[in-house]
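See structure below.
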Amino acid sequence: MSGDAQVILVGSDGSTAGKTAVDHAARIAARDHATLEILHAYQHPYGYYSMLGAVYPVSESEEWRRAAAEFLTAEAERVSKEFPDVPEVRVTLVQGGAALSLVDASRTAVLTVVGARGAGGFAQLLLGAVSTQVAGHAHGVVEVVHEGDGERDRSPVVVGYDGSDASALALRFAVGEAVARGVRLIVARFYDSAFDNAAERAQEAMAAVKTRLASEHPGLEVEALALVGENAAYGLAELSRDAGLTVVGSRGHGGFTGLLLGSVSQGLLHHAHGPVAVVHERKTS
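The numbering of the sequence shown is UniProt numbering, which starts it at 1 and goes up by one.
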């Protein structure tokens, strides 16, 4: 992982999914010797009435802020105790929407981590609204973890690659993660067998990727797969069953004025069976 500000940002809301996200981010911060920033956004439960002219007592608002601050302080203390190798743990308390706050804070983070309630699988859609918005609009790399995700330290890193610029960014990130974890990298490209010579072209592309990575990273074990399948999201979700991390690019540009997630990244996020990283191109302006 690289960047001027080595900050791992994570959203925490007190849920099981939020704790899973914080612990996941803390492990990365400890590994990369990065600062961990825990962001908690709170809203007064009756805040939406203000648009109708209603007013709630200031003392009640202060109580909600005090409770949020106490939660955040306790969470930081827990992380410092359970993950002593994290160089620095800092907290940010924001009054407002969690998704917008995380997207804005992601501008200065090398990685943003967010939790999603429930486990993956094509049987149901389980990604929450905050997770979807952050994954779709944050700046840089976003990792989404489900509350049922366990740590798979020795499992391979999987990345979807189709030759596009977005997938090239994803591949670069995936290589860095595989090297940092000391695990195998699986590069997957999916092709539609209905097209002439699709298999041959996909196999040639994967052979070229494997040769290049072997030259650039001689100590990295790489498996490059050309797989038949019209739905790359489904294929990557299946590969995620045995992956420590599944990485995909996004053709969006980050920020709420940018594009939404593409069909592959969105489909994978909803149905993956483990942590997913969505790699956005980071804009400098």
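C-beta: ideal position from N, C-alpha, C; glycine also.
Problem - residue 288 - DSSP class collapsed to helix/strand/coil - result: Summary: the structure shown does not reach residue 288, with the chain confined to residues 1 through 285, and so no result is reported for it.
Practice task
Indicate whether LEU220 and VAL179 have their beta-carbon atoms separated by less than 8 Å.
Solution key: The count along the sequence shown starts at 1 and reaches residue 220 at position 220. The count along the sequence shown starts at 1 and reaches residue 179 at position 179. In this structure, LEU220 sits near VAL179, with a CB-CB distance shorter than 8 Å.
Handout entry: Cβ neighbour criterion (16 or more within 10 Å) applied to ASP153
Key = For the purposes of this step, residue 153 is taken as the residue at position 153 of the sequence shown. For ASP153, the number of other beta carbons within 10 angstroms of its own is below 16, and it is reported as exposed.
Handout entry: Distance, VAL91 Cα to LEU72 Cα
Key = The count along the sequence shown starts at 1 and reaches residue 72 at position 72. The count along the sequence shown starts at 1 and reaches residue 91 at position 91. Rounded to whole angstroms, LEU72 to VAL91 spans 7 Å at the Cα level.
Practice task
Locate the alpha helix (DSSP H) running through residue 340, then write down its first and last residues.
Solution key: One cannot answer for residue 340 here, as it falls past the ends of the chain, which runs 1 to 285.
Problem - Buried or exposed by the 16-neighbour rule on C-beta atoms within 10 Å, applied to HIS33 - result: As a first step, residue 33 is located in the sequence shown; it is residue number 33 there, counting from the start. Looking at its Cβ environment, which holds fewer than 16 other Cβ atoms inside 10 Å, HIS33 is exposed.
Exercise for the section: Please state whether DSSP places ALA280 in a helix, a strand or coil. Expected result: Your numbering for residue 280 matches position 280 in the sequence shown. A small fix is needed here, since residue 280 is His in this sequence, not Ala. The answer is coil: DSSP assigns HIS280 none of H, G, I, E or B.
Handout entry: Cβ neighbour criterion (16 or more within 10 Å) applied to PHE195
Key = Here the question's residue 195 lines up with position 195 in the sequence shown. An exposed status is given to PHE195, since fewer than 16 other beta-carbon atoms sit within 10 Å of its beta-carbon.
Problem - Spatial neighbours of ARG201 in its chain, beta-carbon cut-off 8 Å, leaving aside the 5 residues before and after - result: Translated into the one-based positions of the sequence shown, residue 201 becomes position 201. Within the same chain, ARG201 has close Cβ partners TYR191.
Practice task
For ALA188, name the three-state secondary structure that DSSP assigns.
Solution key: Sequence index remark: in the sequence shown, residue 188 carries index 188 (1-based). Correct three-state label for ALA188: strand.
Exercise for the section: Please classify GLU223: does DSSP put it in a helix, a strand, or coil? Expected result: Here residue 223 corresponds to residue number 223 of the sequence shown, with the count starting at 1. Three-state result, GLU223: strand.
Practice task
Work out the CA separation of GLU77 and SER61 for me, nearest whole Å.
Solution key: Locating residue 61 in the sequence shown gives position 61, where the first residue counts as 1. Locating residue 77 in the sequence shown gives position 77, where the first residue counts as 1. Whole-angstrom Cα-Cα distance: 25 Å.
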